Amino acid sequence: MNYINAERPDEYLRSVRRELSRDGQKVKTVKLSEGKLTVDANCQT
1290 MNYINAERPD
1300 EYLRSVRREL
1310 SRDGQKVKTV
1320 KLSEGKLTVD
1330 ANCQT
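Our numbering applies: residue 1290 is where the sequence shown begins, and numbers increase by one.
Here it is as structure tokens:
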């Protein structure tokens, strides 16, 4: 379980994007709003 560091959300979002990219996903957007993390990606299985 990853917890968001509220003081540095941008860094957390970058790490999320990195993790997904390493899994071969095409990440379009990763954003945090009102405490909700939204990831928009083209998932290829």
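Beta carbons: idealized from backbone N, C-alpha and C, even for Gly.
Keep in mind it's a predicted model, so treat the numbers as computed, not measured.
Same chain, Cβ closer than 8 Å to residue i, neighbours up to 5 away in sequence not counted
i       : result
Met1290 : Low local confidence applies: a pLDDT of 47 at Met1290 is under 50, so the model's placement there is unreliable, and no value is given.
Within 7 Å, strictly: CB atoms of residue i and residue j
i       : j       : result
Val1316 : Arg1307 : no
Leu1302 : Val1328 : no
Leu1326 : Pro1298 : no
CB contact below 7 Å: residue i versus chain B
i       : result
Arg1303 : Although the question refers to chain B, the structure presented lacks it and comprises just one protein chain.
Helix, strand or coil at residue i according to DSSP, with G and I counted as helix
i       : result
Glu1300 : helix
Quick one: which unbroken beta strand (DSSP E) runs of 3-plus residues sit fully inside the stretch 1302-1332? Chain order, please. Listed in chain order, the complete beta strand (DSSP E) runs (minimum 3 residues) inside the stretch 1302-1332 are 1315-1322 and 1325-1331.
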